[in-house]
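Chains as they are written, first to last, in this note's numbering: chain A, 140 to 481; chain B, 145 to 448; chain C, 45 to 377. Okay, so here's the structure we're looking at.
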Amino acid sequence: MSKSRFPISFSFVANRIGTFLLTVVIAATLIWVIPRMSSVDPAEAMLGRMASGAGFVENSDQILSDLRERYGLNEPMLQQYFSYLRNLVVFDFGVSVASFPTPVSQLIAGALPWTLGLMIVSIILSFVIGNAAGAYLAWEETPRLWKVAIPAAMIFTSIPPILSGLLLMWLFSTQLQWLPLSGSYGLNATPGLNWEFIFSVIEHGTLPVLSIVIVSFGFWALGMRGLLATVQGQDYVRLASTKGLKPRYILYRYMVRNAILPQVTALSLKIGLMVSGQILVESIFSYNGMGKLLYDAILDQDFPVIQGISFVVILMTAISVLIVDLLYPLIDPRIRLEGGRS
Amino acid sequence: MTPPLLGPKAKKYLLLKFDSPWLNRKLLVGLAILFTFLLFGLLGRFFWNTDLVFIGSSPLNLPPAGFENLRGQAGVGAHPLGTESAGRDMLALMIVGAPNTLFVGIIASVIGIAIGIVLGFSAGFIGGRVDAVIRVTSDVMITIPPLMVLVVFQTSIGEIGIVMMGVLLSTFMWQSPTRLIRSQVLTMREEGYVRMARLSGATTSDIMFKELLPNLMPYLFGSFIAILTTAIVTAVGLEVLGLGPQRVPTLGRAIYEAIASAALLKNMWWWWGIPTALLATMFIGLLMINLGLDEVSNPRLRKL
Amino acid sequence: MGNEQIVLSVKDLRVYYASRDGDVKACDGVSFDLRRGEILGLVGESGSGKSTATSGILKAITPPGRIVSGQILIDGEDVTEFSDDDMRARRWRKLALIPQSAMNSLNPTMTIHAQIADVIETHEGRQEASALKARILDLFSRVGLPSRIYTMYPHELSGGMKQRVCIAMSIALNPAVVIADEATSALDVVMQRIVAQTILKIKEDLGVSFVMIGHDMGLMAQVVDRIAVMYSGQLIEIADVRHIFQQPAHPYSQMLIESVPSLTERKPLRPSSGITHDPRNPPSGCIFRLRCPHAGEICAQSRPPLVEIRSGQSVACHLWQKNGSEAYVRSAV
């Protein structure tokens, strides 16, 4: 057996990146195609929105034909499609209608770090807390108290995070007034690497993160509970106890380490949903991420922004999935040398 | 490992072990909750005047009976759950809105699981190119957050009804049943009893329906509940953003209107609180069913 | 006989499983002693209780099973009433196991060396890296494993290699007793021979005592010193290998011996007569009487005790009675 000991095979990586690119292209295409399925003329719609504040427009014909010229609406569909794709690669989403003439990419660039930060923190927290809770729930040696307390904490599972967000907001912001109601940092804190700012960010981020974690950790807990229960009955776990290994060591190295594998797979499947949920949480907390941007854009009927955000969110999700997929062979030795996933 | 069980403790363990698996406590509680929810929606209209769901039919901003709002007005018995700022009665709104929310989810998940069964079986059984196409399509679509595409859809196309929304949602609901069924079929295909069926001349559809489908039932139920939950969550998400059906009342829309009218600041907690509570109840019911089904299909979980 | 050290002593062990219709007496009063450097073979059909008995000795019985009564002494220490923690400290150091399915008994996400290292370090504390490696490689050589498997994962090994890894692991702490649960059952004949030879070698080199569970009498005969025969939860005969093959005392042992194919003799294939009973509803008196061609009235009335009919052979059967001069003879009942 002289196989290479390198963890990840080339075909595996190529496969995953291929899927990633395909996902991005299909998503981009969907976003482009769907609006064109309606009978609305983009130029007229744009003019209508811009004119909604004015009331009457002079030279509407001239403006319309200029707009069409500028946005290449006179070109054949296929060419428009390729220009669109080319623009996407450099993240050119056009300009915002509501905040004319700010480029959409600029608006998104301002909101992206906030969304990303929230996303990373809440996904990691839910995953870790959830799997730990599920493992302890299924483990034979857990004291009975925890086995009652944990399910009680899971009562909010599978409730959409917006609802939990509302409840938490009502409880902690309006009633108890312990935590701020909106925004991602206080008005009196100057952005930068100072303690005041960092503290303010944490303060403002607590409720959004909490809303997501409270409702998501239950999913991981349930999954882990089932997986661990199955793993607990496996022969190698039995031998581990016969070997006289310490119970907690067996829990982590023999049980969780094996049960976590399907959970990691599930993570890559769930990221899409978690991101959707987060966008909504941001919108109700007016957190300065892409959720708020989206909510405002819908209100303003700012279509380029909506398109841009949709694409970026899908891109973020696809990248996260790619990262998780590439990480998987590092934890499952059986996959490493086979070059693919069943 | 575990200390020896003696006497009465063993008896108690026995009782848990040998009841019928389908009489699972959690499953029954969950089903009861959902059933009550449905009844509330379907029969409510016979006990309460649902005309009060129209704008301007009731006094504005009344709190539920027994409470006072910021202006010092007290709730009245005629509107036991209060009213909102467009003059709609909350109880009527709930009675009409609750089933709408549930129906969108049911339509989406029924279509989704039907597609999932067809595609999953085809992929698992036929294999080859068909399998490759189905697998890649479902993998790609799982990564795409449904919310974003639906947002794009609705902001360009416009108003959609309940049924249309359900159908739209179903385009994102078939992927996980397909994956699940496909992997189960792939495993089961090699099992002894399937080979026996093939050898004894059973047709493909025979094998599918008589051999495989019965064994897949627990997974199918679990999957159905899971996607029902996801469908409703996504639908509510869209509604809370202001999208979704706009001419018919839904629970999510009520919450949207509440937020848009700054109900939080006006302390009109009933406006967003009651739909939230109803939704929460429904999700808890769905969760219990999910947990119960988990335990039915994985006996090891029953003693936990 | 005599004063050789006894490393494992089991006295009247009873392990019952709770079921809706009453307890299943999977192990009902099993007693035997294992001497240092001895290999005891434990044979019986499926359902005879051999695995249950050894699980009981390992104190690895899980609900709905429970240890009802009995005493287990390992290396002189009475572990029957030991708590989980006390037992855990003695595991593997005193009593080790070669599990039945080596295929599934190794952690898929751990390298081979890590799985042996962890049991060493748990019981002996942190080890110096190169010494630990040398020790593990030495274990490999004892069981005939190549050193390149050191960094491999279980799924990269063949079945026979995995089995030998389990054997190597079992002697890692030089235990007094190793229970080999059907160690050869899942292997081909070539591997069976290799494993059997390995076990013999370990016994000779390290003085480890083995309890070998199996149902292949022929293979057993080549390896073990004594054989204990179990039927439906009871130990019905225990004797030196020569005695049991030349003069099996219990009718059931006779059946087993006769079923071993011979290279020299042509024997007719004789299926056993009589019925096997429902484990929840065992017959009164002797447990074997429903299948025994020699059963008599006394067999339905009382359970025969295990008596030593001569040096190196004990049997539980009413057919064996003392005649006037205190020697046991077999007669009809």
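Idealized CB from N, CA, C, for every residue including glycine.
query: Which one or two residues does DSSP pair with C/E281 in a beta bridge?
result: On the third sequence, position 237 is the one that residue 281 of chain C refers to. Bridge partners of C/E281: C/V273 and C/V359.
- prompt: Pick from C/D67, C/T96, C/E82 and C/S90: whose alpha carbon is nearest that of C/V74?
  reply: Residue 74 of chain C sits at position 30 when you count from the first residue of the third sequence. The shortest Cα separation from C/V74 among C/D67, C/T96, C/E82 and C/S90 belongs to C/T96.
- prompt: For C/W136 versus A/K385, is the C-beta distance shorter than 8 Å?
  reply: Here residue 136 of chain C refers to the residue found at position 92 of the third sequence. Here residue 385 of chain A refers to the residue found at position 246 of the first sequence. Contact flag unset, no.
query: When the Cα of A/D435 is compared with those of B/L387, B/L430, B/D438 and B/K410, which residue comes out closest?
result: What you label residue 435 of chain A is simply residue 296 of the first sequence in a count that begins at 1. It is B/L387 whose Cα lies nearest to the Cα of A/D435.
Within 8 Å, strictly: CB atoms of A/Y375 and C/L201: Walking along the first sequence from the start, residue 375 of chain A turns up at place 236. Walking along the third sequence from the start, residue 201 of chain C turns up at place 157. No, the Cβ-Cβ distance between A/Y375 and C/L201 is not below 8 Å.
query: Using the C-alpha atoms, what's the distance from C/L102 back to C/R132?
result: One-based indexing of the third sequence puts residue 132 of chain C at position 88. One-based indexing of the third sequence puts residue 102 of chain C at position 58. Distance between the alpha carbons of C/R132 and C/L102 is about 10 Å.
Residues within the stretch 359-391 of chain A neighbouring chain C, beta-carbon criterion of under 9 Å: Q373, D374, Y375, V376, R377, L378, A379, S380, T381, K382, G383, L384, K385, P386 and Y388
Beta-carbon separation (whole angstroms), C/V267 vs C/I243, contact threshold 8 Å: Counting from one through the third sequence, the residue named residue 267 of chain C turns up at place 223. Counting from one through the third sequence, the residue named residue 243 of chain C turns up at place 199. About 6 Å separates the two Cβ atoms, so the contact holds.
task: Output the distance between the C-alpha atoms of C/R374 and C/W364, rounded to the nearest integer angstrom.
output: Within the third sequence, the letter at position 330 stands for residue 374 of chain C. Within the third sequence, the letter at position 320 stands for residue 364 of chain C. Here the C-alpha atom of C/R374 lies approximately 4 Å from the C-alpha atom of C/W364.
query: What runs of the alpha helix (DSSP H), each 4 residues or longer, lie entirely inside the stretch 279-340 of chain A?
result: 283-292 and 300-307
Extent of the continuous alpha helix (DSSP H) run through C/D130: Mapped onto the third sequence, residue 130 of chain C falls at position 86. Taken as a continuous stretch (DSSP letters only), the alpha helix (DSSP H) holding C/D130 covers D128 to R134.
field: Contact set between A/L161 and chain B, taken where Cβ atoms lie within less than 8 Å
entry: Reading the first sequence from its first residue, position 22 is the one you call residue 161 of chain A. Near A/L161 (Cβ distances below 8 Å), the residues of chain B are V280 and V284.
query: How long is the line joining the alpha carbons of A/T241 and A/S339, rounded to whole angstroms?
result: On the first sequence, position 102 is the one that residue 241 of chain A refers to. On the first sequence, position 200 is the one that residue 339 of chain A refers to. Whole-angstrom Cα-Cα distance: 28 Å.
message: Do C/Q171 and C/E165 count as a contact pair if the criterion is CB distance below 8 Å?
response: For the purposes of this step, residue 165 of chain C is identified with residue 121 of the third sequence, where counting begins at 1. For the purposes of this step, residue 171 of chain C is identified with residue 127 of the third sequence, where counting begins at 1. Remark: C-beta atoms of C/E165 and C/Q171 approach each other more closely than 8 Å.
message: Rounding to the nearest angstrom, what Cα-Cα distance links B/A242 and B/I306 in this structure?
response: If you number the second sequence from 1, residue 242 of chain B lands on position 98. If you number the second sequence from 1, residue 306 of chain B lands on position 162. Each residue's alpha carbon lies about 12 Å from the other.
query: By the criterion of Cβ-Cβ separation under 7 Å, what are the contact partners of B/W413 in chain A?
result: As a working note, residue 413 of chain B is residue 269 in the second sequence. Per Cβ cutoff of 7 Å: W309.
- prompt: Taking the continuous alpha helix (DSSP H) assigned at C/K55, which residues delimit it?
  reply: Residue 55 of chain C sits at position 11 when you count from the first residue of the third sequence. Counting along the chain, C/K55 falls outside any alpha helix (DSSP H), though it belongs to the beta strand (DSSP E) covering I50 to Y61.
- prompt: For the 8 Å Cβ check, are there 3 or more pairs between the stretch 221-232 of chain B and the stretch 282-295 of chain B?
  reply: no
- prompt: Is it a yes or a no for the stretch 103-113 of chain C touching the stretch 277-288 of chain C, going by three-plus beta-carbon pairs under 8 Å?
  reply: no
Local conformation of C/Y197 per DSSP, three classes: Reading the third sequence from its first residue, position 153 is the one you call residue 197 of chain C. Residue state, collapsed to three classes: coil.
- request: To the nearest angstrom, report how far apart B/W414 and A/L412 are at their CA atoms.
  value: In the second sequence, residue 414 of chain B corresponds to position 270, counting from 1. In the first sequence, residue 412 of chain A corresponds to position 273, counting from 1. Near 28 Å, if we compare the C-alpha coordinates of A/L412 and B/W414.
Amino acids of chain A, ordered along the chain, whose beta-carbon sits closer than 7 Å to that of C/R110: Here residue 110 of chain C refers to the residue found at position 66 of the third sequence. Think of a sphere of 7 Å around the beta carbon of C/R110: no beta carbon from chain A falls inside it, the nearest being about 15 Å out.
field: Min CB distance B/G386 to chain A below 8 Å
entry: Along the second sequence, read from residue 1 onward, the residue named residue 386 of chain B stands at position 242. Taking Cβ atoms only, chain A reaches closer than 8 Å to B/G386, which makes this a yes.
query: Taking three-plus beta-carbon pairs below 8 Å as touching, is the stretch 245-254 of chain C in contact with the stretch 215-225 of chain C?
result: At 8 Å Cβ cutoff, the stretches touch.
- prompt: What are the residues that DSSP puts in a beta bridge with C/G109?
  reply: Here residue 109 of chain C refers to the residue found at position 65 of the third sequence. Looking at the DSSP assignment, C/G109 forms a beta bridge with C/Y61.
field: A/V229, buried or exposed, once every other Cβ within 10 Å from all chains shown has been counted against 16
entry: Numbered from its first residue, the first sequence carries residue 229 of chain A at position 90. Exposed: under 16 other Cβ atoms inside 10 Å.
field: Among C/I156, C/S355, C/Q144 and C/I215, nearest to C/S191 - alpha-carbon criterion
entry: On the third sequence, position 147 is the one that residue 191 of chain C refers to. With distances taken between Cα atoms, C/S191 lies closest to C/I156.
query: Grouping DSSP H, G and I as helix and E and B as strand, with all else coil, what is A/Y426?
result: By 1-based counting over the first sequence, the position of residue 426 of chain A is 287. DSSP, reduced to helix, strand and coil, places A/Y426 outside both helices and strands of the structure shown, so it counts as coil.
- prompt: Roughly how many angstroms lie between the CA atoms of C/V123 and C/R134, to the nearest whole one?
  reply: Mapped onto the third sequence, residue 123 of chain C falls at position 79. Mapped onto the third sequence, residue 134 of chain C falls at position 90. Our two residues, C/V123 and C/R134, have alpha carbons roughly 9 Å apart in a direct line.
- prompt: Which of helix, strand or coil does DSSP assign to C/K177?
  reply: For this step, residue 177 of chain C is matched to residue 133 along the third sequence. C/K177 falls in the helix class under three-state DSSP.
- prompt: Starting from A/W253 and walking both ways along the alpha helix (DSSP H), at which residues does that stretch end?
  reply: As a position in the first sequence, residue 253 of chain A is number 114, starting the count at 1. Its alpha helix (DSSP H) spans residues V243 to A277.
message: For a quick check, are the C-beta atoms of B/I257 and B/I371 less than 8 Å apart?
response: The residue you call residue 257 of chain B lines up with position 113 of the second sequence. The residue you call residue 371 of chain B lines up with position 227 of the second sequence. In this structure, B/I371 lies closer than 8 Å to B/I257 by Cβ.
- prompt: Rounded to the nearest angstrom, how far is the Cβ of A/G273 from that of A/L361, given a contact under 8 Å?
  reply: By one-based count along the first sequence, residue 273 of chain A stands at place 134. By one-based count along the first sequence, residue 361 of chain A stands at place 222. 6 Å between Cβ atoms; contact.
Runs of alpha helix (DSSP H) lying entirely within the stretch 397-458 of chain A, each at least 4 residues, in chain order: 429-439
message: For a test of the three-state rule: what should DSSP assign to B/T347, helix, strand or coil?
response: As a first step, residue 347 of chain B must be located in the second sequence, where it is residue number 203. Reduced to three states, the DSSP call for B/T347 is coil.
task: Could you run through the stretch 191-213 of chain C and flag, in chain order, every residue whose CB is less than 7 Å away from some CB of chain A?
output: Y197, H199 and E200
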